[in-house]
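To keep things clear, I will list the structure first and then write my remarks on it.
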Amino acid sequence: MLFFIYTTFIVPATVLIPIAYAFINYRGLTRAFKIILAFIIFSAVMNTIASVMARGYHMRTTGIYHIYTPFEFGFITAFFSEFYNKRIRNILYGLIAAFAVFCVLNTVFIESMMKMDSNARSVDAIILIIFCMLFFAKNNSDLDSRWADHASNWVVAGLLLYYGSSLFMFIFFDNLTRDDIMTYVIWTLNATILVIEYVLFAIGFHKCKAQQTISTSR
């Protein structure tokens, strides 16, 4: 019962924390942060639909993830593209299109809507983890600047934490549908990591206000 309440109501509700901070500081958001805000809202809507389908109508929700995964990749890749020049940005946009095609082919020929799209979600997670690592390598070489002062660092830290920890679940999803204590522990840990990701996003949105204040005072 506690697991049900935690994963069904408490964890999904925490998405409101970064959304609230984002709208409070909306005037200070860069294009990159507006993309992440759009992604968070999209995720909240899709998760709500999946929850209603599963809890209210007892329907399979695996098809939702086949739709969700390419959009997830598109939003987050577009976020990272904002930190590069136009040439690299165009390459990343091309990667978004290529990944969408891969997702469609995976659904049509390998993993149908009746199964979780583990292949696509695993590739999605691996590429996003690489993006996070490259971001930190590229944008945190300034020793005179504090890591915590950069709003984008908090968002990327949240992404790296979530996708780094979830990769195992995406790969071995079929083994995590059994009704045993270990499965409940893993799903609870994953849900908790999602909460932490939302909190890190909220800190990033809050830092946007601080950065705006600093730039205005100069």
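Mapping of the sequence shown onto UniProt numbering: position 69 corresponds to residue 69, and the numbering continues sequentially without gaps. Cβ coordinates follow ideal geometry from the N, Cα and C atoms, glycine included. No experiment lies behind these values; they were computed from the predicted model shown.
Check	Outcome
Evaluate contact between the stretch 88-95 and the stretch 31-44, counting only Cβ atoms and requiring at least three cross-stretch pairs below 8 Å.	no
What is the DSSP secondary structure of Met113, counted as helix, strand or coil?	coil
Just to confirm before moving on: does the CB-CB distance between Thr69 and Ala120 stay below 7 Å?	yes
What's the C-alpha gap between Asp117 and Phe173?	9 Å
State the Cα-Cα distance for the pair Phe4 and Ser112, rounded to the nearest angstrom.	27 Å
Leaving out the 5 sequence neighbours to the left and right, which residues in its chain are closer than 8 Å to Pro12 when beta-carbon positions are compared?	Ala44, Asn47, Thr48 and Ser51
Hey, how far is the Cα of Ala125 from the Cα of Met1?	30 Å
Given that a residue counts as buried once 16 or more other Cβ atoms are within 10 Å of its Cβ, and exposed if not, what is Val155?	buried
Leu160 and Cys132 - do their beta-carbons sit closer together than 7 Å?	yes
Can you find the residues in the same chain that come closer than 7 Å, C-beta to C-beta, to Ile130, ignoring five residues on each side of it along the sequence?	none
Alpha carbon to alpha carbon, how far is Thr183 from Asn190?	11 Å
Using CA atoms only, rank isn't needed, just tell me which of Arg146, Thr188 and Phe135 is closest to Ile84.	Contrary to the premise, residue 84 reads as Tyr rather than Ile in this sequence. Of Arg146, Thr188 and Phe135, the residue nearest in Cα terms is Phe135.
For Gly56, is the classification buried or exposed, using 16 other Cβ atoms within 10 angstroms of its Cβ as the cut-off for buried?	exposed
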